[in-house]
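Okay, structure first, notes after.
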Amino acid sequence: MNTNSLNHLDYYRLPWNLTDNSISWLEPTSKCNLYCEGCYRLNEKDGHKTLDQIK
Numbered sequence: 233m234n235t236n237s238l239n240h241l242d243y244y245r246l247p248w249n250l251t252d253n254s255i256s257w258l259e260p261t262s263k264c265n266l267y268c269e270g271c272y273r274l275n276e277k278d279g280h281k282t283l284d285q286i287k
């Protein structure tokens, strides 16, 4: 039997800090199809970047 099994109680620890990002996302563009009144982001007309700019 393997004695190095994972303990489910060690998966998460509280309180979280800045290095414990449980949710992350990638936004390769600042262009958006929606126009929400309360949105904090600017919907830039030229929000798409070329592949060379991203590299």
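Residue numbers (our numbering): 233 to 287. We put the beta carbon where it would ideally sit given N, CA and C, even for glycine. Quick caveat: nothing in here was measured; it's all calculated off a predicted structure.
- Put simply, the backbone Cα of asparagine 239 is about 16 Å away from that of leucine 246.
- Residues Pro260 of the same chain have their beta carbon placed closer than 7 Å to that of isoleucine 286, with the five preceding and five following residues left out of the count.
- A direct Cα-to-Cα measurement between serine 262 and serine 237 gives close to 43 Å.
- Collapsing the DSSP output to three states places aspartate 242 in a helix.
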